[in-house]
Amino acid sequence: MTVILYLLGASLVLGGGGLAVFLWALRTGQFEDLDGASNRILYDENDR
Numbered sequence: 097m098t099v100i101l102y103l104l105g106a107s108l109v110l111g112g113g114g115l116a117v118f119l120w121a122l123r124t125g126q127f128e129d130l131d132g133a134s135n136r137i138l139y140d141e142n143d144r
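With the numbering used here, letter number 30 in the sequence shown gets 126, and the count goes up by one each step, no holes.
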């Protein structure tokens, strides 16, 4: 029974950490330019 409480606590901590990282990524603009990254991968830097 005690193991279930430890696992529940660990899952809440990991879930909260994942949520915090996702919110940090939203606030710092990691998802701003989704089309730019997909276009940059198609072109080589030496072609320009």
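For every residue, glycine included, the Cβ atom is placed at its ideal position computed from N, Cα and C.
Could you give the distance in angstroms between the alpha-carbon of G112 and the alpha-carbon of N135? 33 Å
Taking Cβ to Cβ, would you say A121 is nearer than 8 Å to F127? yes
Can you give the Cα-Cα distance for V117 and D140, rounded to whole angstroms? 31 Å
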